[in-house]
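J.:
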């Protein structure tokens, strides 16, 4: 899906559409670092989960641990995934420039691609948050 969006018209059904332009780095089975996990956490939309802050990363695989044993820090999450890569929901897709992430959710990836398309086609301007306050 990501590679085809870079090399083929996007969206595919639109005549004359250009491929999207973005940096794609595919990292398979390499766990994110604690700093990356913290950043990704800030990019994820809150789901109101009472299962702990890192439950969004955990798969249903037995190595993901039970609710009482789930990691409570980014370092613990990174350590768990280093030991048991299958504990992480894949794919883990991050738009570092746009501040968006999708963990184990293909629809989330499609939403990220659609946001890139809208930006490319001028339907959405880049987020510009001018400072407000004393000097604005």
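Numbering (my numbering), first residue to last: 37 to 172. C-beta: ideal position from N, C-alpha, C; glycine also. As the structure is a computational prediction, the values presented were derived from the model and not from experiment.
(1) Tell me which residue opens and which closes the beta strand (DSSP E) that residue 129 is part of.
(2) Are residue 107 and residue 113 touching if we call contact CB-CB under 7 Å?
(3) With a 10 Å radius around its C-beta and 16 neighbouring C-beta atoms as the bar for buried, classify residue 136 as buried or exposed.
(4) According to DSSP, simplified to helix, strand and coil, what is residue 160?
(5) Looking at the unbroken beta strand (DSSP E) that takes in residue 138, where does it start and where does it end?
(6) Would you kindly work out how many angstroms separate the C-alpha atoms of residue 81 and residue 129, rounded to a whole number?
(7) Determine the burial state of residue 117: buried for a count of at least 16 other Cβ atoms within 10 Å of its Cβ, exposed for fewer.
T.: So, from the listed chains and residues:
(1) 128 to 131
(2) yes
(3) buried
(4) coil
(5) 136 to 139
(6) 14 Å
(7) buried
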